[in-house]
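Protein chains: 2
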Amino acid sequence: MIKNIFDDSLSSLPKGNADFLLAASVTRTCELEGITQAGIPGKIPLTPALDAEFIVNQKVFSLGELAETPTGVPTPALMTRAVHNLRSFTSIEILDLGLDTKPQNCRIHDFEISPSKAINKGADINAQELFYKGMKFGREYELKGNYLILGESTPSGTTTAAATALALGYELEECFSSSFLNVPNKIRKKTLDEALSLVNEKMSSFEKLGTASDNMLIFCAGFLLEATKRFHVVLAGGTQMAACLLVADKLREDVLMRLNSDNLTLATTAWVAKDKNSDIKKILSQLSYTPNALYAEFSFASAEIPILKKYDEGEAKEGVGAGAALAYGFSNALTNEQIVKEIEAIMYGM
Amino acid sequence: MIKNIFDDSLSSLPKGNADFLLAASVTRTCELEGITQAGIPGKIPLTPALDAEFIVNQKVFSLGELAETPTGVPTPALMTRAVHNLRSFTSIEILDLGLDTKPQNCRIHDFEISPSKAINKGADINAQELFYKGMKFGREYELKGNYLILGESTPSGTTTAAATALALGYELEECFSSSFLNVPNKIRKKTLDEALSLVNEKMSSFEKLGTASDNMLIFCAGFLLEATKRFHVVLAGGTQMAACLLVADKLREDVLMRLNSDNLTLATTAWVAKDKNSDIKKILSQLSYTPNALYAEFSFASAEIPILKKYDEGEAKEGVGAGAALAYGFSNALTNEQIVKEIEAIMYGM
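Quick note, the sequences are listed as chains P and U, same order.
Read in order, the letters of the first sequence correspond to residues 5 to 354 in my numbering.
Read in order, the letters of the second sequence correspond to residues 5 to 354 in my numbering.
Structural data, given as structure tokens:
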């Protein structure tokens with residue numbers, strides 16, 4: 005079932021076939037020890053490339069194994085791929101928004117973007133240039149199906165999303181999710197404090213973002229402002245994508261644009277929507293409009309592979325477009341049971 | 005249902021997920037007036053690019069409309085894409101074996117091959133070099149799923165396939181299929197006669213192929229000799245792919261190789277298997293081994309869109325891997341009815 009984030013009423017995605025784009029980026033923030041579990045320890049910056057390879061090919065090439073958390077929870081990319089197997093996306097393409105490792109065997113859009121630096125020392129992003137690159141791609145992307153799902157893979161992205169919101173002046177410190185069940189608040193808080201100490205009131209929004217944000221948020225904010233003029237965009241993610249909406253809402257004033265919010269939906273998982281350690285509703289309530297926002301009510305209760313049930317306990321939660329992919333599956337008459345079985349078939353085959 | 009070509013007994017594809025490769029090529033033979041109906045008159049050489057774009061994106065970019073025959077029968081690529089929508093291939097990639105127009109929004113393997121000339125004046129192919137390129141790719145292609153489906157899009161390819169078999173000395177003149185219900189025997193015979201007049205007994209097999217064949221047949225023959233050492237290859241097509249097996253069988257003597265025929269299956273449609281104007285069984289019987297060969301028993305009897313029923317009458321018949329794709333769908337528990345409905349949903353959406 006697909007439900008409205010705000011009131012749990014029944015909701016839905018647009019009709020028809022969706023293209024899937026993965027906004028893949030690295031922020032060196034992910035290399036701060038203990039900040040994320042989105043990947044293999046010591047090789048976290050590989051995660052976006054592995055996620056990209058996996059959703060496109062159901063196989064990884066840049067490393068022998070698929071990314072999983074240290075507790076063994078496999079990447080949410082599994083859900084995205086399982087839905088694709090049962091009801092394919094019109095196409096799957098990758099946006100290289102600053103990667104160390106180029107994903108193999110993928111269709112990649114290259115924007116000549118480098119990984120951003122760790123926010124505790126300043127991200128050092130040319131935010132205006134990056135935002136304009138996003139806008140340009142939003143004007144140019146050739147839609148294949150009826151609408152677009154835009155997912156992301158950015159390890160430590162919930163931390164940079166929190167820094168982004170705080171740097172822009174939103175009072176949302178406790179609202180951001182994490183891939184951890186037990187959020188590592190100490191290292192996270194230290195990182196946020198250090199990042200925010202580099203930001204001041206005299207800076208423009210672009211300067212603040214260039215210091216405390218990540219490539220994915222800034223590029224996608226530019227992208228959706230333009231793309232939603234032409235077609236419906238489903239932002240696939242949790243609190244990170246909610247932060248992307250904050251960025252777009254703030255920057256559209258700088259570039260004097262209206263946002264066509266009718267053509268925009270945020271879609272996430274129930275694990276994010278109902279997470280007690282974060283508050284996506286509160287983030288979304290800061291927007292100048294009420295956004296379409298939904299979650300897929302999906303569960304691994306029927307799974308045979310025990311580690312998958314960790315999702316239902318709150319590990320990992322979201323990423324690589326999993327929530328929107330599940331909603332896409334439900335929209336196309338797939339059942340929770342079919343999707344669980346397909347995920348397990350993929351895992352047994354690996 | 006999937007059936008054995010030779011005795012109509014029940015047959016099956018390998019288990020698991022299949023990668024899909026499309027061998028796309030142009031022979032200028034297709035520009036001889038009246039020789040093919042695989043495309044839009046005057047723009048036949050565009051057909052492989054449009055087929056590639058369509059199976060990858062469910063949309064064409066290089067022209068406003070999808071290829072269809074002059075009588076309005078839409079490309080068999082529709083069947084391939086419909087199956088992908090309901091049970092996705094692990095990946096879909098395109099082999100550029102000599103195209104005028106590069107397909108847009110596709111993953112393309114580029115081998116620096118030019119379209120071959122019309123066989124009535126000599127195809128002018130460096131067959132040995134091309135065959136070795138195919139062998140090299142057969143050693144290097146990185147399999148994603150459990151096996152590979154190799155389809156083709158080569159307008160007028162049944163004519164060049166017939167010329168190929170005859171040039172190599174097989175007495176199979178009446179055995180080759182056509183995209184026409186009523187085969188244009190006059191222009192076809194003239195073309196074959198002219199092509200064969202350029203071939204003589206003193207020529208090596210490579211020289212004969214370089215004169216009377218097409219890029220797809222020669223490259224794929226090299227490819228399958230090597231690839232079948234590593235994984236199962238399903239040659240997806242009718243009499244053209246049967247000719248490809250003849251080429252491989254002949255050339256493996258020149259390169260002193262064994263063919264691992266256990267790892268090879270030809271898969272086509274019932275429209276080819278039961279075609280009264282051609283004889284795929286007889287072609288296959290010329291091989292030095294008995295090949296795995298099957299067809300998908302699929303019908304448009306339940307279709308709402310009348311033009312689709314032309315397939316059941318014998319128009320178009322096969323191409324772009326349609327037969328193997330249908331068999332892949334059946335192998336994954338899709339029904340004839342589901343596939344027909346998906347094909348119609350795609351057509352209604354265009």
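A virtual CB, placed ideally from N, CA and C, is assigned to each residue, including glycine.
Treat the numbers as computed from the prediction; the structure is a model and nothing was measured.
- U/Ser120 is not a Cβ neighbour of U/Asp55, given a cutoff of 7 Å.
- Look at P/His88: its C-beta is under 7 Å from a C-beta on chain U.
- The residue among U/Leu263, U/Glu198 and U/Phe304 with its C-alpha nearest the C-alpha of U/Ala225 is U/Leu263.
- Burial is judged here by how many other beta carbons sit within 10 angstroms of a residue's own beta carbon; P/Val203 has at least 16 and is buried.
- With fewer than 16 neighbouring CB atoms inside 10 Å of its own CB, U/Asp197 falls in the exposed class.
- Positions of the beta strand (DSSP E) runs, each at least 3 residues long and wholly inside the region 63 to 136 of chain P, are given as 96 to 100 and 112 to 114 in order along the chain.
- Three or more Cβ pairs closer than 8 Å define a contact, and the region 30 to 38 of chain P meets that threshold against the region 177 to 192 of chain P.
- P/Glu156 is classed as buried because its beta carbon has at least 16 other beta carbons within 10 Å across all chains shown.
- Two segments are said to touch when three or more pairs of C-beta atoms, one from each, lie closer than 8 Å; by this definition the region 228 to 241 of chain U does not touch the region 305 to 319 of chain U.
- Scanning the region 233 to 289 of chain U for uninterrupted alpha helix (DSSP H) segments of 4 residues or longer gives 243 to 258, 274 to 277 and 284 to 288, listed from N- to C-terminal end.
- With fewer than 16 other CB atoms across the displayed protein chains lying within 10 angstroms of its CB, U/Thr339 is exposed.
- The beta-carbon separation of U/Ala300 and U/Thr273, rounded to 6 Å, stays under the 8 Å limit for a contact.
- Within chain P, the residues whose beta carbon sits less than 8 Å from that of U/Thr94 are Asn61, Gln62 and Lys63, listed in sequence order.
- With respect to U/Glu308, U/Glu346 sits apart: the two C-beta atoms are not nearer than 7 Å.
- When the five nearest sequence neighbours on each side are left out, the beta carbons in the same chain lying within less than 7 Å of the beta carbon of P/Leu255 are those of Phe135, Ser209 and Ala225, in order along the chain.
- Bounds of the beta strand (DSSP E) holding U/Tyr299 are Asn296 to Ala300.
- Taken in chain order, the complete alpha helix (DSSP H) segments of 4 or more residues contained in the region 141 to 181 of chain P are 161 to 171.
- In the three-state reduction of the DSSP assignment, U/Phe210 falls in the helix class, which pools H, G and I.
- Proximity of chain P to U/Lys148 at the Cβ level (cut-off 8 Å) is accounted for by Asn61, Gln62, Lys63 and Asn109, in chain order.
- Between P/Leu176 and P/Ile9, the gap from beta carbon to beta carbon reaches 7 Å or more.
- As the crow flies, the alpha-carbon of U/Ser29 is around 39 Å from that of P/Leu17.
- Excluding residues up to 5 positions away in sequence, Glu301 lie with their Cβ nearer than 6 Å to the Cβ of P/Met5 in the same chain.
- Secondary-structure assignment with DSSP links P/Lys7 through a beta bridge to P/Leu14 and P/Tyr299.
- DSSP, read as helix, strand or coil, puts U/Phe24 in strand.
- The region 88 to 100 of chain U and the region 166 to 186 of chain P do not touch, with fewer than three beta-carbon pairs separated by less than 8 Å.
- Secondary-structure assignment with DSSP links U/Thr31 through a beta bridge to U/Ser120.
- Between P/Thr168 and P/Ala247, the C-beta spacing is below 7 Å.
- In the structure shown, the three-state DSSP call for U/Tyr315 is helix.
- Within chain P, the residues Asn89 and Leu90 have their CB atoms less than 8 Å from the CB of U/Arg91, given in chain order.
- Proximity of chain U to P/Gly142 at the Cβ level (cut-off 8 Å) is not reached, the minimal Cβ distance being about 17 Å.
- Within chain P, the residues placing a beta-carbon under 8 Å from that of U/Gly20 are Gly353, ordered along the chain.
- Taking 7 Å as the cut-off, the beta carbon of U/Ser306 is found closer than this to the beta carbon of U/Val344.
- A contact between stretches requires three or more CB pairs, one per stretch, nearer than 8 Å, and the region 134 to 149 of chain U fails this requirement with the region 83 to 90 of chain U.
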